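**Q**
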Amino acid sequence: MTFGEKVKSARLQLFLSQEKLAKELGVSFATINRWERGLCEPNYDWQKAFHDFCEKNHVNFEK
1 MTFGEKVKSA RLQLFLSQEK LAKELGVSFA TINRWERGLC EPNYDWQKAF
51 HDFCEKNHVN FEK
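Numbering follows UniProt numbering, with no gaps: position 51 of the sequence shown is 51.
1. Compute the Euclidean distance between the alpha carbons of lysine 23 and valine 7, then round it to the nearest angstrom.
2. Using a Cβ-Cβ cutoff of less than 6 Å, which residues in the same chain neighbour leucine 21 once the five nearest sequence positions on both sides are dropped?
3. With a threshold of 16 other CB atoms inside 10 Å of the CB of glutamate 36, please say whether the residue is buried or exposed.
4. In angstroms with no decimal places, state the Cα-to-Cα distance between phenylalanine 61 and phenylalanine 29.
5. Could you work out which residue in Ser9, Trp46 and Asn43 is closest to histidine 58 when comparing CA atoms only?
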């Protein structure tokens with residue numbers, strides 16, 4: 001699963017819009033949109049923040 005797929009999966013599992021996920025993570029809507037579409041990937045700090053957010057919210061990436 002790519003990073004963008006993980007972002008979208010987490011967002012859908014938590015019933016969040018891109019805007020609301022962006023607010024939760026402290027990034028812009030455009031950033032979430034670019035991550036989901038695979039146009040860019042975040043640096044290590046943002047990847048860690050995303051994974052910490054997912055753990056805190058019990059997001060499951062198993063298919």
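Idealized CB from N, CA, C, for every residue including glycine. Please read these numbers as outputs of a predicted model, since none were measured by experiment.
**A** In terms of the structure at hand:
1. The residue you call residue 23 lines up with position 23 of the sequence shown. The residue you call residue 7 lines up with position 7 of the sequence shown. Their backbone Cα atoms lie some 14 Å apart in a straight line.
2. Within the sequence shown, the letter at position 21 stands for residue 21. Cβ neighbours of leucine 21 beyond the five flanking positions: Arg11 and Ile32.
3. For the purposes of this step, residue 36 is taken as residue 36 along the sequence shown, with counting starting at 1. The residue is buried, with at least 16 neighbouring Cβ atoms inside 10 Å.
4. Here the question's residue 61 lines up with position 61 in the sequence shown. Here the question's residue 29 lines up with position 29 in the sequence shown. When rounded, the distance between both Cα atoms is 22 Å.
5. In the sequence shown, counting from the first residue as 1, residue 58 sits at position 58. Of the candidates Ser9, Trp46 and Asn43, the one whose C-alpha sits nearest the C-alpha of histidine 58 is Ser9.
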